[in-house]
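What follows is a single structure, written as structure tokens, with notes after it.
Residue numbers (this note's numbering): 521 to 841.
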């Protein structure tokens with residue numbers, strides 16, 4: 521027994537069956553550069569309070585409350601706001617129609633809508649956007665090893681095909697919205713459980729189809745759908761993707777962190793240090809399970825270091841109310 525152990529209380533072994541679990545294995549990145557970087561500029565922010573946050577509520581917001589939240593998000597300074605999943609919820613669809621037909625979306629705010637990469641859902645999503653001046657269509661499909669093998673029973677080629685066909689369907693649907701400026705966001709759902717070479721392959725193939733330009737970049741969102749490892753391992757994964765994605769200059773690299781391990785903010789901060797441009801989250805971290813990444817905390821962390829957070833959080837009690 522060491523002198524340290526002899527002079528201190530000894531922590532007893534746990535009786536919990538920890539042996540049944542295996543540690544999360546991150547990427548081998550010995551030349552990582554993110555630990556030496558300093559955060560000197562806030563990322564682009566996207567609020568998902570009206571979608572990811574709302575679906576976690578025991579009683580989801582009614583249209584009146586959703587409009588109050590939308591207006592508050594605009595007041596705080598969000599320029600990209602995910603307003604719902606219109607193909608999966610009639611309430612979300614109608615809310616979208618209300619704010620478009622009521623001309624309630626400021627010209628400098630872009631609404632974002634979520635859809636799975638499925639034909640009928642994409643069609644319904646575009647129906648919800650008729651009359652919008654601008655919008656981000658955020659489509660996704662599951663890519664993790666577990667979901668491929670257990671849920672979809674497909675190999676890598678089959679999963680990649682779902683993503684690329686989704687991209688093609690989105691582009692084809694643009695013809696139904698000739699007066700709407702559409703941008704795209706793609707997420708390989710459960711990115712943290714996906715092998716990095718495969719995540720890169722799927723994202724690269726989607727980007728090739730969407731054909732982004734310097735004036736119309738594509739958002740590639742790398743979600744910690746379930747937080748599986750320490751924040752530094754997530755940052756390594758982001759830096760690897762930042763280095764290896766094709767057409768990186770035409771991509772806005774985005775993060776969407778959850779808080780399963782209690783480190784959502786740290787993972788997002790490390791992810792920005794690792795090369796990400798954009799962060800999705802919710803006010804106060806509201807969301808399913810243990811919550812989404814808390815934009816309030818991350819923004820105030822910037823503020824406390826003398827960095828402009830690009831959001832106005834000066835009257836926090838009004839935001840809480």
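The beta carbon of each residue, even a glycine, is placed where N, CA and C say it ideally should be. This one's a predicted model, so the numbers in the text were calculated from it and none came from an experiment.
CA nearest to the CA of residue 710, picked from 693, 736 and 671
For the purposes of this step, residue 710 is identified with residue 190 of the chain shown, where counting begins at 1. Comparing Cα positions, the closest option is 671.
Short check: CB of residue 795 to CB of residue 739, under 8 Å?
As a working mapping, residue 795 is identified with position 275 in the chain shown. As a working mapping, residue 739 is identified with position 219 in the chain shown. No, they are not a contact pair.
Would you list the residues sitting across from residue 599 in a DSSP beta bridge?
In the chain shown, the residue the question calls residue 599 occupies position 79. For residue 599, which the question treats as bridged, DSSP gives no partner whatsoever.
Of all the options 818, 800 and 830, which has the alpha carbon lying nearest to the alpha carbon of residue 658?
As a working mapping, residue 658 is identified with position 138 in the chain shown. Ranking the options by Cα distance to residue 658, first place goes to 800.
Which of helix, strand or coil does DSSP assign to residue 704?
Working through the chain shown from its first residue, we reach residue 704 at position 184. Residue state, collapsed to three classes: strand.
Give the DSSP-derived three-state secondary structure of residue 778 in the structure shown.
On the chain shown, position 258 is the one that residue 778 refers to. Three-state result, residue 778: strand.
Residue 583 vs residue 538 beta-carbon contact at 8 Å:
Working through the chain shown from its first residue, we reach residue 583 at position 63. Working through the chain shown from its first residue, we reach residue 538 at position 18. In this structure, residue 538 does not lie closer than 8 Å to residue 583 by Cβ.
Uninterrupted alpha helix (DSSP H) stretches inside the segment 601-641 (no shorter than 4 residues)
610-621
I think residue 703 touches residue 656, with their Cβ atoms under 8 Å apart; what is that distance to the nearest whole Å?
Numbered from 1 along the chain shown, position 183 holds the residue referred to as residue 703. Numbered from 1 along the chain shown, position 136 holds the residue referred to as residue 656. That belief holds up - the Cβ atoms of residue 703 and residue 656 are roughly 5 Å apart, short of 8 Å.
Applying the criterion that 16 or more other CB atoms from any shown protein chain within 10 Å of the CB defines a buried residue, is residue 591 buried or exposed?
For this step, residue 591 is matched to residue 71 along the chain shown. So residue 591 counts as exposed.
Using only CA atoms, which one of 648, 597, 621 and 642 lies nearest to residue 612?
Working through the chain shown from its first residue, we reach residue 612 at position 92. Ranking 648, 597, 621 and 642 by Cα distance to residue 612 puts 648 first.
Report back the beta-carbon spacing between residue 606 and residue 644 to the nearest angstrom; my notes put them in contact at under 8 Å.
Here the question's residue 606 lines up with position 86 in the chain shown. Here the question's residue 644 lines up with position 124 in the chain shown. Going by Cβ atoms, the distance from residue 606 to residue 644 rounds to 7 Å, so yes, they are a contact pair.
Every unbroken beta strand (DSSP E) within the segment 704-769, with a cutoff of 3 residues, ordered by chain:
738-744
Minimum C-alpha distance to residue 604 - residue among 726, 572 and 640
Counted from its first residue, the chain shown places residue 604 at position 84. The candidate whose alpha carbon is nearest that of residue 604 is 572.
Output the distance between the C-alpha atoms of residue 828 and residue 819, rounded to the nearest integer angstrom.
Within the chain shown, the letter at position 308 stands for residue 828. Within the chain shown, the letter at position 299 stands for residue 819. Spanning the two alpha carbons is a distance of roughly 9 Å.
Look at the alpha carbon of residue 732 and the alpha carbon of residue 724, and state the distance between them as a whole number of angstroms.
Mapped onto the chain shown, residue 732 falls at position 212. Mapped onto the chain shown, residue 724 falls at position 204. Rounded to whole angstroms, residue 732 to residue 724 spans 11 Å at the Cα level.
In or out: residue 765 buried (at least 16 other Cβ within 10 Å) or exposed?
Position 245 of the chain shown, counted from the start, is the residue given in the question as residue 765. Answer is buried; the Cβ neighbour count reaches 16.
Applying the 10 Å Cβ sphere with the 16-neighbour rule, what's the burial state of residue 534?
As a working mapping, residue 534 is identified with position 14 in the chain shown. Residue 534 should be labelled exposed.
Please state the DSSP three-state secondary structure of residue 862.
Past the boundaries of the shown model lies residue 862; the chain is included only from 521 to 841, so the question cannot be answered.
Could you name the residues that DSSP lists as bridge partners for residue 660?
Counting from one through the chain shown, the residue named residue 660 turns up at place 140. DSSP output for residue 660 lists 636 and 707 as bridge partner(s).
Skipping 5 residues on each side, what residues in its chain have a beta carbon closer than 7 Å to that of residue 531?
Here residue 531 is taken as the residue at index 11 of the chain shown, counted from 1. So the list is empty, once near-sequence residues are dropped.
Below 6 Å CB to CB, which residues in the same chain sit around residue 817 once its five sequence neighbours on both sides are set aside?
On the chain shown, residue 817 is found 297 positions in, with the first residue counted as 1. For residue 817, where only same-chain residues beyond five positions count, the Cβ hits under 6 Å are 785.
For residue 824, which three-state DSSP category applies?
Along the chain shown, one-based indexing puts residue 824 at 304. Helix at residue 824.
Whole-angstrom distance between residue 646 and residue 559, CA atom to CA atom:
If you number the chain shown from 1, residue 559 lands on position 39. If you number the chain shown from 1, residue 646 lands on position 126. Straight-line Cα distance between these residues: approximately 37 Å.
Assess contact between the segment 742-750 and the segment 769-776, defined as three or more Cβ pairs (one per stretch) separated by less than 8 Å. Is contact present?
yes
So, residue 631 versus residue 686, is the Cβ gap smaller than 8 Å?
Stepping through the chain shown from its first residue, residue 631 is reached at position 111. Stepping through the chain shown from its first residue, residue 686 is reached at position 166. The answer is no: Cβ separation not under 8 Å.
Please name the residue in 673, 810 and 561 whose C-alpha comes closest to that of residue 821.
Taking the first residue of the chain shown as position 1, residue 821 is located at position 301. It is 561 whose Cα lies nearest to the Cα of residue 821.
Grouping DSSP H, G and I as helix and E and B as strand, with all else coil, what is residue 814?
Locating residue 814 in the chain shown gives position 294, counting from the first residue. Residue 814: strand per DSSP, three-state reduction.
Which of helix, strand or coil DSSP assigns to residue 556:
In the chain shown, residue 556 corresponds to position 36, counting from 1. In the structure shown, residue 556 sits in a helix (DSSP, three-state: H, G or I).
Nearest by alpha-carbon distance to residue 689: which of 654, 716 and 726 is it?
Mapped onto the chain shown, residue 689 falls at position 169. If we check each option's Cα against that of residue 689, 726 comes out closest.
Would the beta-carbon of residue 683 fall within 8 Å of that of residue 661?
Position 163 of the chain shown, counting from 1, holds the residue named residue 683. Position 141 of the chain shown, counting from 1, holds the residue named residue 661. Their beta carbons are under 8 Å apart, which means residue 683 touches residue 661 by this criterion.
Buried or exposed: where does residue 673 fall if 16 or more other Cβ atoms within 10 Å of its Cβ makes it buried?
For the purposes of this step, residue 673 is taken as residue 153 along the chain shown, with counting starting at 1. Exposed, because fewer than 16 other Cβ atoms sit within 10 Å of the Cβ of residue 673.
Roughly how many angstroms lie between the CA atoms of residue 783 and residue 751, to the nearest whole one?
The residue labelled residue 783 in the question sits at position 263 within the chain shown. The residue labelled residue 751 in the question sits at position 231 within the chain shown. Rounded to the nearest angstrom, the two C-alpha atoms are 6 Å apart.
Would you kindly report the start and end of the unbroken beta strand (DSSP E) that includes residue 799?
As a first step, residue 799 must be located in the chain shown, where it is residue number 279. It spans 798-801 - the beta strand (DSSP E) in which residue 799 sits, taken as one unbroken run.
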